[in-house]
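A.B. asks: Start counting the sequence shown at 1; every next residue gets the next number (full-length UniProt numbering).
Even glycine gets a Cβ: it sits at the ideal position worked out from N, Cα and C.
No experiment lies behind these values; they were computed from the predicted model shown.
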Amino acid sequence: MESVDETVEPVREFWVQYQIDPKTEGSVWRTHPTPVTAAGNERIEDGQRLVEAGVTVDLQPFGQYKFRVIARNDVGDSAPAEVNGECETPAKVPDRNPTGVSAKGSTPEDLVVYWQPMAREEWNGPDFHYIIKYRKADGSDGSEWKEVKVEDPYADHHAIDVGEDGAYVPYEVQVQAVNKEGHASVQPETVKGRSGEGKPTAVVSGFKVLGKDGTTAEFSWNPVDRNDVQGEFKGYKIIFWYEDEEPVAEPVVSLARRVRRKRAEPGERQEAVFSPDATQGVVYGLQPNKVNYAMIVVMNGQNDGPPSEIIHFMMPEGVPTPVRHFTAFPMNPKKGDKGAVIGLTWKIPRSLNGNLIGYMLEWCKIANGQVDRNDCPEQQVTAQGDQKVVHYRVTDLEFKQDYRFFVKGVTNGGEGDPNSADASTVPQDVPHH
Numbered sequence: 001m002e003s004v005d006e007t008v009e010p011v012r013e014f015w016v017q018y019q020i021d022p023k024t025e026g027s028v029w030r031t032h033p034t035p036v037t038a039a040g041n042e043r044i045e046d047g048q049r050l051v052e053a054g055v056t057v058d059l060q061p062f063g064q065y066k067f068r069v070i071a072r073n074d075v076g077d078s079a080p081a082e083v084n085g086e087c088e089t090p091a092k093v094p095d096r097n098p099t100g101v102s103a104k105g106s107t108p109e110d111l112v113v114y115w116q117p118m119a120r121e122e123w124n125g126p127d128f129h130y131i132i133k134y135r136k137a138d139g140s141d142g143s144e145w146k147e148v149k150v151e152d153p154y155a156d157h158h159a160i161d162v163g164e165d166g167a168y169v170p171y172e173v174q175v176q177a178v179n180k181e182g183h184a185s186v187q188p189e190t191v192k193g194r195s196g197e198g199k200p201t202a203v204v205s206g207f208k209v210l211g212k213d214g215t216t217a218e219f220s221w222n223p224v225d226r227n228d229v230q231g232e233f234k235g236y237k238i239i240f241w242y243e244d245e246e247p248v249a250e251p252v253v254s255l256a257r258r259v260r261r262k263r264a265e266p267g268e269r270q271e272a273v274f275s276p277d278a279t280q281g282v283v284y285g286l287q288p289n290k291v292n293y294a295m296i297v298v299m300n301g302q303n304d305g306p307p308s309e310i311i312h313f314m315m316p317e318g319v320p321t322p323v324r325h326f327t328a329f330p331m332n333p334k335k336g337d338k339g340a341v342i343g344l345t346w347k348i349p350r351s352l353n354g355n356l357i358g359y360m361l362e363w364c365k366i367a368n369g370q371v372d373r374n375d376c377p378e379q380q381v382t383a384q385g386d387q388k389v390v391h392y393r394v395t396d397l398e399f400k401q402d403y404r405f406f407v408k409g410v411t412n413g414g415e416g417d418p419n420s421a422d423a424s425t426v427p428q429d430v431p432h433h
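1) Excluding sequence positions up to five away, which residues of its chain have a Cβ less than 8 Å from the Cβ of residue 450?
2) Our contact map puts Gln230 next to Pro200 with C-beta atoms below 8 Å; I'd like the distance itself, whole angstroms only.
3) Identify, in the order they occur along the chain, each residue of the same chain with its Cβ nearer than 7 Å to the Cβ of Thr395, setting aside the five sequence neighbours on each side.
4) Cutting at 7 Å between CB atoms, please list the residues of its own chain near His325, excluding the five before and the five after it.
5) Does the separation of the CB atoms of Gly193 and Ala103 fall below 8 Å?
6) For Arg350, is the classification buried or exposed, using 16 other Cβ atoms within 10 angstroms of its Cβ as the cut-off for buried?
7) Looking only at its chain, what residues have a beta carbon closer than 6 Å to the beta carbon of Gln379, apart from the 5 residues adjacent to it on each side?
8) Using three-state DSSP, classify Glu164 as helix, strand or coil.
9) Measuring only the C-alpha atoms, how far is Ala421 from Asn289?
10) Report all residues from its chain with a CB closer than 8 Å to the CB of Arg258; omit the five preceding and five following residues, and keep chain order.
11) Spatial neighbours of Tyr171 within its chain, please: C-beta separation below 8 Å, excluding the five flanking residues on both sides.
12) What are the boundary residues of the beta strand (DSSP E) that Glu9 is part of?
13) So, under 8 Å CB-CB, Phe399 and Val426 are touching, yes? Tell me the CB distance rounded to an integer number of Å.
14) With a threshold of 8 Å on Cβ separation, who are the neighbours of Ser424 within its own chain once the five nearest residues in sequence on each side are excluded?
15) For Thr24, which of helix, strand or coil comes out of DSSP?
16) Starting from Gln284, trace the beta strand (DSSP E) both ways and give me its first and last residue.
17) Does the Cβ of Tyr154 have 16 or more other Cβ atoms within 10 Å, making it buried, or fewer, making it exposed?
18) Answer yes if the region 138-148 comes into contact with the region 70-81, meaning at least three C-beta pairs across the two stretches below 8 Å, and no otherwise.
19) Determine the DSSP secondary structure at Asn227, reduced to helix, strand or coil.
20) Who does Pro170 pair with in a DSSP beta bridge?
21) Could you work out which residue in Val319, Gln387, Glu268 and Phe405 is closest to Thr327 when comparing CA atoms only?
22) Alpha carbon to alpha carbon, how far is Asn227 from Met314?
23) Where does Glu189 fall in DSSP's three states?
24) Looking at the unbroken beta strand (DSSP E) that takes in Leu344, where does it start and where does it end?
25) Would you identify the three-state DSSP class for Ala53, choosing helix, strand or coil?
26) Might you give, ordered along the chain, the residues of its own chain that have their beta carbon closer than 6 Å to the beta carbon of Ala217, omitting 5 neighbours on each side?
27) Which of the three DSSP states, helix, strand or coil, is assigned to Arg120?
28) Which partner residues does Asp372 have in the DSSP bridge list?
29) Tell me which same chain residues have a C-beta within less than 6 Å of the C-beta of Cys87, skipping the five on either side of it?
30) Going by C-alpha to C-alpha distance, which of Ala167, Ile132, Gly142 and Ala177 sits closest to Ala159?
31) Alpha carbon to alpha carbon, how far is residue 439 from Asp58?
32) Does the distance from the C-beta atom of Glu317 to that of Thr411 stay below 8 Å?
33) Taking the alpha carbon of Glu268 as the point to measure from, which residue in Asn292, Ala278 and Phe128 has its own alpha carbon closest?
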């Protein structure tokens, strides 16, 4: 009821809100999806506008319903007006069982069952809870269902102690909705799951090196009995490392510089994984010119098995890492020099990866900012004992010319990656010293 005063915005519609159970829903109110319109349901009496209408709300069993009404006009909503009294509906058995049922163990002694808990409006009666039924999927326990009661209606999982049945045993599982009136009116879905995985007992035999080259090696091994994996067979894992320190150019390497290094440090164990059907595989990232170590284990979804015997093998020489601190600078020619001169200096590679034989030096002209690769002379530079810093003069160059110089270390394993530096020669009229 409201005044017909034209200065007041008239109510356009009414919305019904309700709570199924104030004890469980607190301040949450549900809104009926269809409003009641004032138009067609109004009349004028004594200068007052009256609206009489009703709405039908479908109710759930086991409800303690409370209602309220909100009026709405073009300005906004009114404060809610609560309806006196409550509406209590009778109880009945649940209409369905939980969905999203799955089962997976975390240890060989348990089976964790998961489901999506049912909302309050689906309980349908007091003392709502869940019954978990389970049995071995292979029928070895006589196919008799065992039951566990979960009293918390909001629970979404429960761990079952399956005792000494063994690791990764398959089970059939059901989750039923139950209240004081009885079990749900429909049969629960049966799902399959397994108890947790154990530690594999299989030890891989016949582990050996088939071949090696640079930083890679090929291994082979004998397949294992899958019954000894004690879980889902995920494959084989080769673990490899090396122990002896690699010679570096400087006697002290700071911690920060060690952290920046991407390669493995001595004793740092790395892993390579292969499929369950594999009986051989190639491992990358081994240390050249070093004694390397390796062992192999089987894996299930949770654990690694015991390792095989450790094998050790010497990797062939590899190529060195790039030289360091490579610089190029113009020099005045000396008496007897032909053409212009560029001085070069660099530190030996940090990782030699073999016996350093020397260096391969190459230089190219630069024209219009582009390196001319058509005419690039090369020069071999022999390593000199324990020399840590190399100084070298390149002569017979063109005067007043831009050059790019490349240098790379050489071992019996081959040439490493180059480092480069640019420099320009002096004009021809600079006097000799």
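C.D. replies: Looking at the atomic coordinates:
1) The structure shown has nothing for residue 450, since the chain only spans 1 to 433.
2) 5 Å
3) Asp337, Lys338, Gly339 and Val341
4) Trp346 and Lys347
5) yes
6) buried
7) Leu361
8) coil
9) 29 Å
10) Caution is warranted here: a pLDDT of 37 is assigned to Arg258, below 50, making its placement in the model unreliable, and no coordinate value can be reported.
11) Ala103, Leu111, Tyr134, Arg135, Lys136, Ala137, Val162, Lys192, Gly193, Arg194 and Ser195
12) Element bounds for Glu9: n/a, residue is neither H nor E.
13) 7 Å
14) Pro330, Lys400, Gln401, Asp402 and Tyr403
15) helix
16) The sequence shown places Tyr at residue 284, not Gln. Note, Tyr284: premise wrong, no beta strand (DSSP E); not H, not E.
17) exposed
18) no
19) helix
20) Arg194
21) Phe405
22) 35 Å
23) coil
24) Ala340 to Lys347
25) coil
26) Val209, Val283 and Leu286
27) helix
28) Lys365
29) Tyr65
30) Ile132
31) Missing from the structure shown is residue 439; the chain here goes from 1 to 433 and no further.
32) yes
33) Asn292
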